[in-house]
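Remarks on the structure that follows.
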Amino acid sequence: DGGITQSPKYLFRKEGQNVTLSCEQNLNHDAMYWYRQDPGQGLRLIYYSQIVNDFQKGDIAEGYSVSREKKESFPLTVTSAQKNPTAFYLCASSGGRAYSNQPQHFGDGTRLSIL
Amino acid sequence: DQQVKQNSPSLSVQEGRISILNCDYTNSMFDYFLWYKKYPAEGPTFLISISSIKDKNEDGRFTVFLNKSAKHLSLHIVPSQPGDSAVYFCAARYNTGGTSYGKLTFGQGTILTVHP
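Top to bottom, those sequences are chains A and B.
Per our numbering, residue 1 is the first one in the first sequence, and the count goes up by one each step.
Per our numbering, residue 1001 is the first one in the second sequence, and the count goes up by one each step.
Right under this line is the structure:
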């Protein structure tokens, strides 16, 4: 079955530690995205990538980093510079050419907590 | 600046009745609108979308209406079922081409509860 796989489902971070969240898709989508969800809020865009080896900052990129070395993979690193990392992190992907109306498909998320 | 707003944090409806979820936006450059449904501890699932060139799109029990002059979007669910109980997010795409392609702005979500 095609889809988006996020791992781990739960992750704990110690003070001063960097952690990496995995996102893999087998939908052959060009574009991938990382969002953060906090209680009572909508999804906020952290980073997105339209194509391999290219990515752009979203609305809340500070304290995060990404890479896009392969089409199917878009890992997110939460660095020690992110002072409030506790949240639910969602990865998404979308396909189609520019201007085509393809919805984003989401993984099941990773919940990150501070120890 | 919240460009997409869902002003009702929650909505409670009786099974079989209509559920109407509302969404307002401020940016006239949004050209594509979507509704997502989300259960706890899961990712959002795409429900239905509408392009800004249309004012209505229907898919089974779900209908989305777009009023561009009012910058207002609504999702109608008829008839509502207990399994529809979830958080519903509206989202809008700002498309200037290039790096903005596909970027979505989400509302805060509305918790829908459908009572048997």
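Heads up, the beta-carbon is just placed ideally off N, CA and C, and yes, glycines get one too.
Beta carbon proximity, residue 1094 of chain B to chain A, threshold 8 Å: Mapped onto the second sequence, residue 1094 of chain B falls at position 94. At a cut-off of 8 Å between beta carbons, residue 1094 of chain B makes no contact with chain A.
Beta-carbon proximity of residue 1016 of chain B to residue 42 of chain A, cut-off 8 Å: Position 16 of the second sequence, counted from the start, is the residue given in the question as residue 1016 of chain B. Position 42 of the first sequence, counted from the start, is the residue given in the question as residue 42 of chain A. Contact: no.
Among A:28, A:63, A:62, A:60, the one whose alpha carbon lies nearest that of residue 52 of chain A: What you label residue 52 of chain A is simply residue 52 of the first sequence in a count that begins at 1. Cα-wise, what sits closest to residue 52 of chain A is A:28.
From A:30, A:6, A:69, residue whose alpha carbon lies closest to that of residue 21 of chain A: Translated into positions along the first sequence, residue 21 of chain A becomes position 21. That would be A:6, whose Cα lies nearest to the Cα of residue 21 of chain A.
Test: residue 1042 of chain B CB closer than 8 Å to a CB of chain A: Locating residue 1042 of chain B in the second sequence gives position 42, where the first residue counts as 1. With 8 Å as the cut-off, residue 1042 of chain B counts as an interface residue toward chain A.
For residue 1007 of chain B, the residue or residues it bridges with in DSSP: Your numbering for residue 1007 of chain B matches position 7 in the second sequence. Its beta-bridge partners do not exist; DSSP assigns none.
Neighbour-count burial assignment, residue 1030 of chain B, 16 or more Cβ in a 10 Å radius: As a first step, residue 1030 of chain B must be located in the second sequence, where it is residue number 30. Per the 10 Å Cβ criterion, buried.
Exposed unless 16 or more other CB atoms sit within 10 angstroms - verdict on residue 109 of chain A: As a first step, residue 109 of chain A is located in the first sequence; it is residue number 109 there, counting from the start. Counting the other Cβ atoms within 10 Å of the Cβ of residue 109 of chain A gives 16 or more, which makes it buried.
DSSP three-state assignment for residue 20 of chain A, whether helix, strand or coil: For this step, residue 20 of chain A is matched to residue 20 along the first sequence. Of the three classes helix, strand and coil, the one that applies to residue 20 of chain A here is strand, per DSSP.
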